[in-house]
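Here the sequence shown stands for residues 1 to 715, numbered as in full-length UniProt numbering. Where a beta carbon is used, it is the ideal one built from N, C-alpha and C, also for glycine. Have a look at the structure below before the remarks.
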Amino acid sequence: MVRTIQHEKPRPTCAEDIFAGVSEFEATLYHSLCADIGQDSISDAEWASRRWDAQDMAPELLPLAWVDEERDNGRERILMAVKHRSKPFWGLQYHPESICTQTAGHTVIRNWLREAMAWNSRSNRTVLSGGRFLARNAVKPSLLSEIRAAAQGGHAPVLAWTEMPTSLATVGLDCDYSHKTISLPANIKVPDIVEILKSGRTEHIILDSSNSSNMATGAADVRGRFSIIALDVEESLRIEHHVGDDFATARIPSIQGMPVDLMETIAFGQNENIWHLLSSFLEKRRITATGDLETPFRGGFMGYLTYEMGLRGIDVAVADDRGHQRPDLCFAWVTKSIVVDHARGLLHVQHLQKRKLNADFWIDSVVASLQTSRPWQSGKAAASDSDSSTVSTRPVIQVPDADDYEAKVSRCQDFIAAGESYELCLTDQTIITLPGRPEREQGPNSVQSGGQAPSKPAYVAPWKLYKTLRARQPAPFGSFIHLGGATLISSSPERFLEYDADGFCSMRPMKGTVRKSNDVATLAQAERILHVPKEEAENLMIVDLVRHDLHGVCGSGNVEVPHLMKVEEYATVFQMITIVNGRLPDPHHNGTAADRWHTGLDVLAASLPPGSMTGAPKKRSCELLHEIESHRERSLYSGVVGYMDVTGKGDWSVTIRTMFRWDDEVAPPAEGEMEPREVWHIGAGGAVTILSTPEGEREEMFTKLAGPLGVFAEA
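Printed below as a string of structure tokens:
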């Protein structure tokens with residue numbers, strides 16, 4: 001993967017040398033195909049002198065660089081660079097842009113530009129002033145600037161809707177932020193808070209750092225600091241979009257006696273999409289964070305995006321008729337919330353409310369409900385079976401066929417060997433059907449202490465599944481969501497993207513996994529297993545892909561990698577991660593108007609689907625995976641979950657180690673049952689490279705599946 005590039009020193013017959021002034025250096029090699037110009041026919045005795053000569057198979061090409069190494073299967077002679085004898089053509093086989101290519105290799109690009117310009121000068125070729133540029137700016141225009149450009153063109157229905165005085169278009173305008181901070185009793189956890197406040201409610205958005213409780217123990221596990229609980233989600237504005245539609249819907253669910261939802265349709269103009277709507281809506285409601293309160297979220301959008309939503313963003317075809325109208329993007333505009341600061345043992349009750357209105361009454365009522373509750377006063381969580389590691393649900397489980405999965409791995413490697421991709425992140429889904437919810441139960445996700453529906457022992461509410469999963473597999477980016485007809489229960493260890501209001505953004509691609517066991521119990525043992533060419537190659541390819549995604553928004557010189565291929569410990573596995581940071585263009589330096597700035601939303605839109613779930617290069621890999629996975633939707637799995645805060649912050653996790661279901665998907669009742677069965681999905685997979693083995697990839701897939709599937713182990 002990372003090899004030493006040996007190149008020829010300048011000589012009289014090859015004065016225009018793009019390697020002039022460059023010493024030997026290490027560079028990243030991704031390629032599956034190698035050029036054969038007859039190098040293997042040269043004897044070892046003649047190799048040192050003849051390798052720089054044009055060969056009979058390609059007499060017009062002068063070799064400039066080689067990788068020449070003794071390998072397990074013999075000596076390798078891989079051509080790395082050539083120059084045409086008479087034309088201004090050079091070719092490189094290694095990747096100068098890779099994070100693992102040493103900086104000496106960058107000089108080659110500068111030399112090439114110098115030599116190309118010199119050839120133009122000698123050939124009396126000049127650039128015509130006023131000619132059409134064939135290269136584009138490397139930085140994408142901001143979403144806000146595209147909205148303004150569409151408006152200047154005379155047709156911008158998205159902008160027009162956000163400026164209309166309708167009841168939904170004005171939701172959240174002119175709001176002030178209020179909060180009250182109280183101490184959190186040591187034994188009160190996020191599920192306890194939810195059960196105190198949300199009993200009987202059916203809509204939930206909970207972003208749960210469920211492994212935070214041991215933060216002060218000095219353990220090696222990576223932990224989150226904050227958890228966020230959205231309140232009164234049933235009353236919140238929703239923005240929903242289904243891939244393939246040329247519109248979005250804004251609606252407030254039917255509540256308070258209204259017979260139907262209050263809903264409006266927002267059509268997209270020719271150059272508009274859902275991201276322009278979200279960007280414009282959020283920018284008009286942006287507030288400046290004041291004071292020294294440490295909270296990642298004050299209010300704003302919370303929700304999910306599917307994998308298919310990301311595919312549309314990179315122009316990978318999604319079927320027009322998918323057999324459903326489920327949202328691929330579903331966000332709730334959250335104005336009432338609780339943020340738990342696990343590091344400091346604090347809880348912030350928060351409200352975004354119209355200016356000049358008193359928000360203290362609602363905040364005080366929530367604080368009173370918490371502080372007067374029995375768990376709060378006793379300092380002990382309510383007794384329940386929430387810590388059990390499994391649940392008995394009479395499930396019917398259909399796991400991927402091992403032989404079929406290995407065949408898919410081999411097919412991936414065939415595409416890689418043909419040069420179609422470097423890495424393919426193959427996945428499959430396990431289908432679980434559970435006894436359905438009794439009709440007399442109030443809601444599909446009713447939160448009750450313990451989470452079990454007492455009238456139907458075989459039925460287990462999703463809340464119970466969530467508490468069981470968080471007990472089995474605590475993670476820094478856990479979540480429980482019921483929104484837009486979807487129920488999602490996650491113990492994700494992977495942050496996708498975090499950004500702040502000042503233009504800083506960070507991504508943490510995760511590739512390389514080993515399960516904890518008696519043989520792999522320490523970080524040092526895991527590092528020895530993961531720091532091998534195959535695992536490092538998986539991580540490196542995604543790192544370079546993520547850097548490319550960030551460069552497209554942040555621009556050259558604004559992306560860095562402070563931590564490369566670092567092994568971290570989690571509850572049940574060790575993972576190799578890399579941190580890639582970026583800085584958005586400074587609008588003040590460029591003189592950009594506030595309504596045209598790049599924001600974190602630009603980064604999110606440009607980075608989906610998560611590179612750790614696709615492979616590299618992203619678009620072609622997604623096309624191949626769509627074929628290999630038999631055009632099956634990944635849906636919520638491989639998407640992202642998170643929030644966009646009114647101050648400009650955002651945080652998103654990759655939807656892995658997750659189970660999910662849709663309200664409109666059911667299976668026939670089993671014998672002796674009356675209600676249709678719920679259908680749950682668990683996705684799992686791994687990155688396939690040329691170094692993979694079908695058996696190893698199958699084992700990795702089942703290792704990742706074991707966490708969420710283990711909830712049902714008793715069955």
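{"Query": "What are the boundary residues of the beta strand (DSSP E) that includes Ser178?", "Result": "175-183"}
{"Query": "Count Cβ pairs between the segment 85-100 and the segment 26-39 that sit closer than 8 Å; are there 3 or more?", "Result": "yes"}
{"Query": "Of the residues Ile287, Ser378, Gly639, Glu678, which one's Cα is nearest the Cα of Gly648?", "Result": "Ile287"}
{"Query": "Residues in the same chain with beta-carbon distance under 7 Å from residue 738, minus the five sequence neighbours each way, listed in chain order, please.", "Result": "Since the displayed the chain opens at 1 and closes at 715, residue 738 lies outside it and no answer follows."}
{"Query": "Skipping 5 residues on each side, what residues in its chain have a beta carbon closer than 7 Å to that of Leu709?", "Result": "Thr430, Ile682"}
{"Query": "Secondary structure at Lys467, three-state DSSP: helix, strand or coil?", "Result": "helix"}
{"Query": "Does the segment 624-632 come close enough to the segment 408-426 that 3 or more CB-CB pairs lie under 8 Å?", "Result": "yes"}
{"Query": "At what residues does the alpha helix (DSSP H) containing Val543 begin and finish?", "Result": "533-554"}
{"Query": "Please report the residue range of the alpha helix (DSSP H) in which Thr162 lies.", "Result": "157-162"}
{"Query": "With H, G and I counted as helix, E and B as strand and the rest as coil, what does DSSP make of residue 717?", "Result": "A query on residue 717 cannot be resolved here, the shown segment of the chain reaching from 1 to 715 and no further."}
{"Query": "Let's see if you can read the secondary structure: which residues bound the beta strand (DSSP E) around Lys354?", "Result": "346-354"}
{"Query": "Given this structure, state the Cα-to-Cα distance separating Ala526 from Arg495, to the nearest angstrom.", "Result": "21 Å"}
{"Query": "Suppose you measure from the CA of Ala453 to the CA of Pro435; what does that come to, to the nearest Å?", "Result": "Caution is warranted here: a pLDDT of 45 is assigned to Ala453, below 50, making its placement in the model unreliable, and no coordinate value can be reported."}
{"Query": "Which partner residues does Lys336 have in the DSSP bridge list?", "Result": "His351"}
{"Query": "Considering Cα atoms alone, identify which of Asn124, Pro617, Asp17 is closest to Leu545.", "Result": "Pro617"}
{"Query": "Could you tell me whether the segment 660-667 touches the segment 484-499, where touching means 3 or more Cβ pairs closer than 8 Å?", "Result": "yes"}
{"Query": "Please report the distance separating the alpha-carbon of Met541 from that of Tyr422.", "Result": "8 Å"}
{"Query": "Which residues share a DSSP beta bridge with Gln6?", "Result": "Trp66"}
{"Query": "Counting Cβ pairs, one atom from each stretch, are 3 or more of them under 8 Å apart for the segment 599-615 and the segment 158-165?", "Result": "no"}
{"Query": "Looking at the strands, I want to know which residues DSSP matches up with Glu560.", "Result": "Asn581"}
{"Query": "Which term fits His84, buried or exposed, when burial requires 16 or more other beta carbons within 10 angstroms of its beta carbon?", "Result": "exposed"}
{"Query": "Pull the bridge partners of Arg251 from the DSSP assignment, please.", "Result": "Arg238, Met263"}
{"Query": "Looking only at its chain, what residues have a beta carbon closer than 6 Å to the beta carbon of Thr335, apart from the 5 residues adjacent to it on each side?", "Result": "Gly299, Leu352"}
{"Query": "Would you check if the distance between the CB atom of Gly687 and the CB atom of Lys511 is smaller than 8 Å?", "Result": "The question names Gly, but residue 687 in the sequence shown is Ala. It is a contact, given that the beta carbons lie within the stated cut-off."}
{"Query": "Restricting to Cα atoms, I'd like to know which of Leu62, Leu92, Ser121, Asp428 is closest to Arg698.", "Result": "Asp428"}
{"Query": "By a C-beta neighbour count over all protein chains shown, 10 Å radius and 16 as the cutoff for buried, is Asp387 buried or exposed?", "Result": "Note that Asp387 scores 48 on pLDDT, short of 50, meaning its location in the model is unreliable; the coordinates nonetheless yield the value given after this. Classification of Asp387: exposed, given that the 10 Å Cβ count is below 16."}
{"Query": "On the DSSP bridge assignment, give the partners of Asp341 in chain order.", "Result": "Phe226, Leu346"}
{"Query": "Specify the secondary structure class of Ala453 as computed by DSSP and reduced to three states.", "Result": "Residue confidence for Ala453 is low, a pLDDT of 45 falling below 50, so the modelled location carries little weight; the figure read from the coordinates is stated next. It is coil, neither helix nor strand."}
{"Query": "Which residue wins for smallest C-alpha separation from Val553, given the options Pro191, Val567, Pro585, Gly74?", "Result": "Pro585"}
{"Query": "I'd like the list of long-range same chain contacts for Asp261, defined as Cβ closer than 8 Å, with 5 residues on each side in sequence excluded.", "Result": "Arg251, Ile252, Pro253, Ser254"}
{"Query": "On a CA-only basis, which of Arg77, Tyr643, Asn111 is nearest Phe19? Give me that one, please.", "Result": "Asn111"}
{"Query": "DSSP three-state call for residue 726: helix, strand or coil?", "Result": "As displayed, the chain neither begins before 1 nor continues past 715, which places residue 726 out of reach and without an answer."}
{"Query": "The ligand FMN and Arg596: does the residue's C-beta get closer than 7 Å to at least one heavy atom of that ligand?", "Result": "The ligand FMN is absent from the structure shown, which contains no ligand whatsoever."}
{"Query": "At which residues does the beta strand (DSSP E) containing Asp645 begin and terminate?", "Result": "640-645"}
{"Query": "If you draw a straight line from the alpha carbon of Pro509 to that of Ala65, how long is it in whole angstroms?", "Result": "32 Å"}
{"Query": "Report, in whole angstroms, the separation of the C-beta atoms of Ser506 and Glu498, which I expect to be a contact under 8 Å.", "Result": "5 Å"}
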